[in-house]
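What follows is a set of notes on a single structure, which appears directly below.
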Amino acid sequence: MVKSKRFEEKVGIVTTSTQGIGLAIAKRLGLKGASVVISSRKQVFPSYPSFTPLQLSKQNVDAAAKNLRAKGIEVLRVVCHVSNPQQRKDLIHKNVQINFLYKWFKLVN
Numbered sequence: 000m001v002k003s004k005r006f007e008e009k010v011g012i013v014t015t016s017t018q019g020i021g022l023a024i025a026k027r028l029g030l031k032g033a034s035v036v037i038s039s040r041k042q043v044f045p046s047y048p049s050f051t052p053l054q055l056s057k058q059n060v061d062a063a064a065k066n067l068r069a070k071g072i073e074v075l076r077v078v079c080h081v082s083n084p085q086q087r088k089d090l091i092h093k094n095v096q097i098n099f100l101y102k103w104f105k106l107v108n
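Under numbering that gives the first Met the number 0, think of the first position of the sequence shown as 0, with each following residue one higher.
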């Protein structure tokens, strides 16, 4: 798919987006020009007993971000369990901070 500019300078926040439909939505938004914020909740995989849930989730988010970046998509990755109100607030707060810095950097340069 050719990258377009339909959502250029827009940000898409896609929760549970490290695999399946969520990852496909993040990819599609990114290929349409949006920067994307992806997140994953804590997950426990019994085959990896030496990892904590947070480490596993971070690996999950990192792998998805790497996949999207390989396609030329700007990605912010966040570990977030959307049923937790504080983690939802943190997700939005991080997104606002990053977008402010990104837009400020573009204005300065």
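Where is the CB? At the ideal position from N, CA and C, for every residue including glycine.
Would you check if the distance between the CB atom of Val74 and the CB atom of Leu90 is smaller than 9 Å?
Counting from 1 along the sequence shown, the entry for residue 74 is found at position 75. Counting from 1 along the sequence shown, the entry for residue 90 is found at position 91. Contact: no.
Using DSSP with H/G/I as helix, E/B as strand and the rest coil, what is Ile37?
Position 38 of the sequence shown holds residue 37. The three-state secondary structure of Ile37, taken from DSSP, is strand.
Cα separation between Lys93 and Cys79?
Counted from its first residue, the sequence shown places residue 93 at position 94. Counted from its first residue, the sequence shown places residue 79 at position 80. Rounded to the nearest whole angstrom, the CA to CA distance from Lys93 to Cys79 is 11 Å.
Tell me which same chain residues have a C-beta within less than 8 Å of the C-beta of Gly21, skipping the five on either side of it?
Position 22 of the sequence shown, counted from the first residue, corresponds to residue 21. Taken in chain order, the residues that qualify are Val13, Thr14, Thr15, Ile37.
Output needed for Arg68: all residues of its chain with C-beta closer than 7 Å, excluding positions within five of it in sequence on either side, in chain order.
Residue mapping note: residue 68 aligns to position 69 of the sequence shown, counting from 1. Contacts found: Val74.
When DSSP labels each residue in this structure, what does Arg68 get in the three-state scheme?
Within the sequence shown, the letter at position 69 stands for residue 68. Residue state, collapsed to three classes: helix.
Quick check on this structure: which residue in Ala23, Phe6, Arg40 has the alpha carbon closest to the alpha carbon of Asn83?
Residue 83 sits at position 84 when you count from the first residue of the sequence shown. Of all alpha-carbon atoms in Ala23, Phe6, Arg40, the one lying nearest the alpha-carbon of Asn83 is that of Arg40.
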